[in-house]
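Numbering (the numbering used here), first residue to last: 82 to 372.
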């Protein structure tokens, strides 16, 4: 007792026993009491990192980095904050989100009631994160996303548009960033359309498998319900009809994700649909309006 600092994510993940016993429940409070008894009240710290990360970032993937920040602030890491954040940058994976999650974990250790209160408030992940998100944060997070969505050149195109607009706004309205912030959000929406390539990327970038692993101890078969545009099946209401695809579809997703560079080129077989043409027109018009 007194020698070990214990930090726990209190998110409750039901094991397979839950499906076989309607009365099953996780003994969370009993476990916390046992931990406090063993480690000491001042050495045991608990926080629902999974719920907090989901509320802040729209995904629980930031939970581990949140807990790293939580542990750091409680003196559990023999490193500087700068060293941790530099390591995140060097890793190059979801840098903006992971740095933000690390900082939120630190804040949760310092101001637990504030962070819990923020998570308890109704609102979207974007609204909650925006409480402390600066314009630079807004742009950086979207640059990171667009790099993964397409490539670095595509993300640079976004950043350059906003940099030019930001300078123009500063000249016209010194001290204001409202126009640039609105453009940062709206331009991103038009550049990050959730098309076929993006659906494939999201299924194969590891986040889908990670979420399955958190929700289920094991899963033998996956089934996807999709409405590929080239199949052209429509119901009586005129809306596309979905078809069922087995686990082999993951191979198709991997192929699509690998060739996402074709997006918007003459070789983009999905780009000839009326929906995709309209999306490109809207983006071109918006970019022209920003000039």
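Yeah, the Cβ is synthetic: ideal placement off N, Cα and C, and Gly gets one too. Please read these numbers as outputs of a predicted model, since none were measured by experiment.
Looking at the backbone, the Cα of residue 86 and that of residue 201 are separated by about 27 Å. The residue among 183, 227, 247, 357 with its C-alpha nearest the C-alpha of residue 165 is 183. Counted as a single uninterrupted DSSP element, the beta strand (DSSP E) harbouring residue 125 occupies residues 125–128. In the DSSP assignment, residue 343 falls outside any alpha helix (DSSP H) and carries neither an H nor an E. Sixteen is the threshold: since fewer than 16 other Cβ atoms of the shown chains lie within 10 Å of the Cβ of residue 336, the residue is exposed. Residue pairing by DSSP leaves residue 361 without any beta bridge partner. Close CB contacts of residue 146 within its chain, under the 6 Å cut and outside five residues either way in sequence, are with 179, 182, 183 (chain order). Runs of the alpha helix (DSSP H) lying entirely within the stretch 127–199 and spanning at least 4 residues, in chain order: 130–138, 144–154, 162–172, 176–191. Residue 129 counts as buried, since at least 16 other C-beta atoms from the protein chains shown sit within 10 angstroms of its C-beta. Counting only the Cα atoms, residue 272 lies some 13 Å from residue 243. In the three-state reduction of the DSSP assignment, residue 308 falls in the coil class, being assigned neither a helical nor a strand state.
Beyond the five residues adjoining it in sequence on each side, residue 140 comes within less than 6 Å, by CB distance, of no other residue in the same chain.
An exposed status is given to residue 256, since fewer than 16 other beta-carbon atoms sit within 10 Å of its beta-carbon. Non-local C-beta neighbours of residue 170 in its own chain, meaning closer than 8 Å and more than five positions away in sequence, comprise 176, 180, ordered along the chain. In the three-state reduction of the DSSP assignment, residue 324 falls in the strand class, which pools E and B. In the structure shown, residue 271 adopts helical secondary structure according to DSSP, grouped into three states.
When beta bridges are read from the DSSP output, residue 90 appears opposite 128. Judged by DSSP secondary structure, residue 292 falls within the alpha helix (DSSP H) whose first and last residues are 288–296. Of the residues assessed, residue 332 falls on the exposed side of the cut-off, its CB having fewer than 16 other CB atoms within 10 angstroms. Our two residues, residue 122 and residue 296, have alpha carbons roughly 30 Å apart in a direct line.
Within the same chain, 85, 87 come within 6 Å of residue 120 by CB-CB distance, once the 5 residues on both sides are set aside.
If you look at residue 285, you'll find it in the alpha helix (DSSP H) that goes 277–285.
Comparing C-alpha distances from residue 192 to each of 236, 151, 369 shows the shortest one belongs to 151.
Remark: three or more beta-carbon pairs, one from each stretch, lie closer than 8 Å, so the stretch 262–282 and the stretch 333–352 are flagged as touching. Following the DSSP letters along the chain, one finds residue 242 inside the alpha helix (DSSP H) bounded by residues 233–253. In the DSSP assignment, residue 110 falls within the unbroken alpha helix (DSSP H) covering 109–120.
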